[in-house]
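Residues in the sequence shown are numbered from 848 upward in steps of one, following this note's numbering. Reading through the structure tokens given below for one structure.
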Amino acid sequence: MAIERTFSMIKPDATKRNLTGAITKMLEDAGLRVIASKRVWMSKREAEGFYAVHKERPFFGELVEGMTSGPTVVQVLEGEGAILKNREIMGATNPANADEGTIRKTHALSIGENSVHGSDAPETAAQEIAYWFSETEIVG
Ligand code: GDP
Numbered sequence: 848m849a850i851e852r853t854f855s856m857i858k859p860d861a862t863k864r865n866l867t868g869a870i871t872k873m874l875e876d877a878g879l880r881v882i883a884s885k886r887v888w889m890s891k892r893e894a895e896g897f898y899a900v901h902k903e904r905p906f907f908g909e910l911v912e913g914m915t916s917g918p919t920v921v922q923v924l925e926g927e928g929a930i931l932k933n934r935e936i937m938g939a940t941n942p943a944n945a946d947e948g949t950i951r952k953t954h955a956l957s958i959g960e961n962s963v964h965g966s967d968a969p970e971t972a973a974q975e976i977a978y979w980f981s982e983t984e985i986v987g
């Protein structure tokens, strides 16, 4: 499988509980390398833009509120099959359905406070990386 890059976020529910290191360790233990990382407190406009694909969904307001409620750690991860590998280690969107050993099973509180985000395809990975990082901030 090819070396890929994917975009990851440690969401405010997790940074508030001081889980940045614990979650990053789970990503690294899964074989992913953190090749860019920064802590941001996103504005309403940034959160709405990032999640624009969900703007018609009933939970959109709650999603934006959660993402602007505290700091988020945005990261670029690199590794063999990184996009799928990250989705696997994250676990299902609803932590009640997530497999044992996944980040969401271990740390998430609810579907709305599910601790992490990860790109779901090569196209979204490229878009999401470019939304938060310039090329010079990514050091592989
Ligand atoms: P993901 O790719 O696993 O993060 O899931 P989606 O792209 O489908 O949804 C984006 C984010 O919206 C999820 O991570 C959740 O935080 C939130 N979300 C999705 N569905 C629901 C829902 O039914 N209720 C609430 N409150 N949030 C949701």
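Even glycine gets a Cβ: it sits at the ideal position worked out from N, Cα and C.
Alpha-carbon to alpha-carbon, residue j and residue i
i, j, result
"Ala894", "Ala945", "25 angstroms"
"Ala973", "Ile930", "11 angstroms"
"Arg951", "Gly938", "6 angstroms"
"Ser890", "Ser981", "18 angstroms"
"Tyr898", "Ala849", "28 angstroms"
"Val911", "His901", "10 angstroms"
"Thr867", "Glu851", "22 angstroms"
"Gly878", "Pro918", "25 angstroms"
"Phe906", "His964", "16 angstroms"
Beta-carbon proximity check, residue i vs residue j, cutoff 9 angstroms
i, j, result
"Gln922", "Leu956", "no"
"Ser855", "Asn941", "no"
Boundaries of the beta strand (DSSP E) in which residue i is found, first to last residue
i, result
"Ala883", "880 to 887"
"Arg864", "Element bounds for Arg864: n/a, residue is neither H nor E."
"Ser990", "This structure leaves residue 990 out entirely; the chain is present only between 848 and 987."
Of the residues the options, the one placed nearest residue i, counting alpha carbons only
i, options, result
"Ile882", "Glu925, Phe906, Arg892, Leu866", "Glu925"
"Ile936", "Val963, Gly913, Thr949", "Thr949"
"Glu909", "Asp860, Glu984, Pro942, Val986", "Asp860"
"Ser884", "Gly928, Phe907, Arg864, Ile857", "Ile857"
Range of the contiguous alpha helix (DSSP H) that encloses residue i
i, result
"Ile870", "867 to 876"
"Thr983", "Looking at the DSSP string, Thr983 is not in any alpha helix (DSSP H), and its letter there is neither H nor E."
Along the chain, which unbroken stretches of the alpha helix (DSSP H) at least 4 residues long are found entirely within the region 932 to 970? 950 to 954
Considering only residues of the region 894 to 932, which uninterrupted alpha helix (DSSP H) runs meet the minimum length of 4 residues and lie entirely inside it, listed in chain order? 907 to 914
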